[in-house]
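Counting along the sequence shown from 1, when you hit position 125 you're at 376 in the working numbering, and nothing is skipped either side. Idealized CB from N, CA, C, for every residue including glycine.
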Amino acid sequence: STRLATAASENKLLKERLGERTRMVGASPALAIITTQVERVAGTKATVLVRGESGAGKELVAQAIHDASDRKSGPFVCLNCAALSETLLESELFGHEKGAFTGATDKKAGKFELADNGTLFLDEIGEMSPTIQAKFLRVLEGHAFERVGGSTRLKVDVRVVAATNRHLEDAVASGGFRRDLYFRLRVVEIAVPPLRKRQEDIELLAHHFLDVFSRETGRKIEGFSAAAIRAMQEYHWPGNIRELRNCIERAVVLSASSTIDVPDLALSTLASPGDTGQIEPTARKFTPETLASIEKRHILATLECTGGNKTKAAKLLGIERSTLDRKFARWGKAD
């Protein structure tokens with residue numbers, strides 16, 4: 252019927268648009284290496300460990316592995332291990348029965364069950380507690396598991412892709428991360444370079460996001476000024492692709508012209524709230540400071556720009572809100 256054909260057409264369009272948001276874009280040698288690795292590993296069942304800075308595109312790599320595998324018609328399920336407490340993470344991974352803990356008013360399938368015959372992407376794997384690590388390792392090794400508070404043995408066929416922005420070897424050496432799990436996870440390792448080391452990809456990514464957000468918002472933005480392209484290529488992108496995407500989305504929404512120029516990009520200068528942002532290398536005496544103090548100053552300046560709105564600040568910084576909360580909690584203890 253016409254209605255079914257229309258629904259199928261809309262579904263196809265949705266999938267195409269989702270594909271545009273989730274595909275890897277670029278022409279750099281670094282991306283070519285990653286693409287080759289993805290193609291080689293996709294056809295296997297091997298567990299993959301994806302390394303890279305926050306916002307560098309680790310989830311896109313996991314999605315590409317899934318899309319190129321024979322599991323592509325199955326589910327692609329994501330979970331950020333850092334965003335949850337130990338109890339909630341266990342429940343999210345393995346599911347829980349009704350009444351398993353306070354607040355468990357219904358039974359719930361975990362991410363392993365939801366990802367059966369598909370791919371499970373676990374971000375920030377280094378934040379997983381030792382207790383969860385032990386249970387997770389058993390499932391990785393093919394053992395059955397129970398939901399929290401349950402006794403029914405469940406077995407799933409899931410391909411795991413894990414990601415980290417931490418140096419897991421240090422966590423293994425200090426005893427914070429299980430050695431056996433570390434080796435089980437990194438059967439294949441893919442390193443995603445930061446955006447500042449993918450210079451050739453910045454302009455391509457910027458145009459890609461411009462197309463996506465122009466279509467989504469209905470705004471007729473034709474492109475970037477030469478100065479805007481130069482500014483993006485010279486900028487260091489501490490938040491990587493996530494920051495670039497947020498930057499372009501903001502510019503598309505706020506630009507008063509059909510061409511995006513440097514001021515529309517609102518690129519961070521790492522300046523403190525009192526700074527004018529003017530850099531005078533000859534006049535200003537350089538005072539060395541730690542990266543941690545620069546980061547703190549930058550975060551506080553961003554928070555001031557958003558009027559104290561932490562969710563907006565986290566988005567501008569290209570980090571999760573939970574990561575921002577953890578930083579504030581850490582500073583609170585240090586002060």
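How many Å lie between residue i and residue j at the Cα?
i	j	result
T557	A478	26 Å
F363	R496	30 Å
G270	T370	Because G270 carries a pLDDT of 44, less than 50, the predicted location of this residue cannot be relied on, and the following value inherits that uncertainty. Each residue's Cα considered, the two are about 17 Å apart.
G377	A507	43 Å
L388	G325	23 Å
A293	T356	39 Å
A422	L554	31 Å
R581	R410	35 Å
F396	D374	21 Å
K323	S425	38 Å
T273	I316	For T273, the predicted structure reports a pLDDT of 47, less than 50, and the residue's modelled location is therefore unreliable. A value from the coordinates is still provided. Roughly 12 Å between the two C-alpha positions.
I441	Y433	14 Å
Would you call residue i buried or exposed, if buried means 16 or more other Cβ atoms sit within 10 Å of its Cβ?
i	result
E494	buried
V565	Before going on, a small fix: residue 565 reads as Ala here, not Val. A565 comes out buried.
P280	exposed
Q210	Because residue 210 is not part of the residues shown, which for the chain are 252 to 586, the question remains open.
K448	exposed
N368	exposed
L436	buried
For the beta strand (DSSP E) holding residue i, just list the boundary residues, first then last.
i	result
C498	From DSSP, C498 is part of no beta strand (DSSP E) but of the alpha helix (DSSP H) over N491 to L505.
D367	Looking at the DSSP string, D367 is not in any beta strand (DSSP E), and its letter there is neither H nor E.
L330	F327 to N331
I441	V439 to A442
A334	Where A334 is concerned, there is no enclosing beta strand (DSSP E), given that its DSSP letter is neither H nor E.
V411	V409 to T415
Can you name the start and end residues of the alpha helix (DSSP H) that residue i belongs to?
i	result
A300	According to the sequence as given, residue 300 is Leu; it is not Ala. Per DSSP, L300 belongs to no alpha helix (DSSP H); it is in the beta strand (DSSP E), V299 to R302.
V292	P280 to A293
R481	A477 to E485
Does the Cβ-Cβ distance between residue i and residue j come in under 8 Å?
i	j	result
C332	M275	no
T510	E485	no
R328	L365	The sequence given here has Val at residue 328, not Arg. In this structure, L365 lies closer than 8 Å to V328 by Cβ.
G569	G490	yes
E304	P514	no
I492	G306	yes
E500	F460	yes
A313	F372	yes
V443	G308	yes
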